[in-house]
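A.B. asks:
In UniProt numbering, the protein residues as written are 1 to 297.
(1) Could you say if the stretch 248-262 and the stretch 71-79 meet the contact criterion of at least three C-beta pairs nearer than 8 Å?
(2) Taking the alpha helix (DSSP H) that residue 45 belongs to, which residues open and close that run?
(3) Rounded to whole angstroms, what's the CA-CA distance from residue 187 to residue 162? Just pull it up for me.
(4) Mapping DSSP to helix, strand and coil, what is residue 71?
(5) By the 10 Å Cβ neighbour count, where 16 or more other Cβ atoms means buried, how is residue 238 classified, buried or exposed?
(6) How many Å lie between residue 123 and residue 43 at the Cα?
(7) Specify, as a first and last residue, the run of the alpha helix (DSSP H) that residue 237 falls within.
(8) As an exercise, report each continuous alpha helix (DSSP H) stretch of at least 4 residues that is fully enclosed by the stretch 156-180, in chain order.
(9) When DSSP builds the beta bridges, which residues end up paired with residue 220?
(10) Which full runs of the beta strand (DSSP E) of 3+ residues lie inside the stretch 97-155, going along the chain?
(11) Tell me where the beta strand (DSSP E) around residue 85 begins and ends.
(12) Within 10 Å of its beta-carbon, does residue 193 have 16 or more other beta-carbons around it, so buried, or fewer, so exposed?
(13) Between which residues of its own chain and residue 217 is the CB-CB distance below 7 Å, once the five residues before and five after are set aside?
(14) Take residue 206 and list the residues in its own chain whose beta-carbon comes closer than 7 Å to its own, dropping the five residues that flank it on each side.
(15) Do residue 81 and residue 49 have their CB atoms nearer than 8 Å?
(16) So, with DSSP's three-state summary, where would you put residue 89?
(17) Closest to residue 191 by CA distance: which of 61, 260, 228 is it?
(18) How big is the Cα-Cα spacing for residue 127 and residue 242?
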């Protein structure tokens with residue numbers, strides 16, 4: 001996957017993740033899962049589509065998602081899979097409308113050439129009904145899977161209206177991690193950050209510290225999340241956390257103003273604040289992240 005192909009993603013809000021050059025490692029200790037020999041691959045992350053949003057923050061809201069789908073489909077090399085990291089739809093108090101928006105979102109996402117597409121909920125999708133409509137349409141809100149030597153974990157920190165992961169899911173996470181070697185390649189997807197970024201803006205997970213305590217013993221963990229509608233990087237000891245940009249509108253820098261109101265729409269630069277990310281991984285090297293702006297088609 002070359003740089004030119006990545007640039008063809010330039011109309012996508014969210015992130016493109018390219019993981020390359022990792023190799024197999026020694027067998028895991030007894031009782032632990034040994035990763036398969038690593039093969040190069042990449043996946044695409046999209047976040048915060050907010051299908052159903054209407055407002056001055058993005059007058060083009062009816063078309064942005066469709067443009068993203070078309071852009072991903074135009075890639076010369078298709079990703080192994082695509083993941084949407086929450087807020088697939090915009091919140092509504094009407095259960096019927098909530099399901100209608102999810103159905104419309106699914107119809108548009110079905111236009112992706114890649115059929116290995118995964119989802120996690122955002123609070124706009126799940127907090128008003130504890131994830132009931134989300135699960136009807138997209139299946140479990142937390143899960144794990146293996147892909148070419150990497151262990152992926154999707155956490156739900158939004159279905160609880162109190163912004164908690166919850167004891168049941170934390171026990172599930174512990175049991176899942178117990179099966180992994182301490183040097184396993186682990187990638188975690190969440191919607192909200194697992195650390196206290198700006199709690200008064202709801203940019204936190206109230207029991208995120210418990211999840212992080214479970215992850216800390218593992219030496220190769222990276223977290224990708226959404227929710228804050230902008231690029232942001234944070235280290236907790238050896239674990240890096242990377243926020244994705246949004247497909248709907250950008251939000252202000254963390255804590256920079258009293259309320260987290262959307263950044264004003266700029267007709268001269270309609271894609272300002274939207275973009276994508278390239279992340280490269282090589283054996284025995286840190287992840288390399290490169291951010292690209294969205295360009296007008």
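Every residue gets a Cβ at the ideal spot worked out from N, C-alpha and C, and that includes glycine.
None of these values were measured; they are calculated from a predicted model.
C.D. replies: Checking against the coordinates, here is how it stands:
(1) no
(2) Element bounds for residue 45: not the alpha helix (DSSP H) but the beta strand (DSSP E), 41-46.
(3) 25 Å
(4) helix
(5) exposed
(6) 24 Å
(7) Careful: residue 237 lies outside any alpha helix (DSSP H) and carries neither H nor E.
(8) Entirely contained in the stretch 156-180, the alpha helix (DSSP H) runs reaching 4 residues are, in chain order, 167-178.
(9) 185
(10) 117-120, 143-147, 150-154
(11) 81-85
(12) buried
(13) 182
(14) 162, 163, 164
(15) no
(16) strand
(17) 228
(18) Taking the straight line joining both Cα atoms gives about 23 Å.
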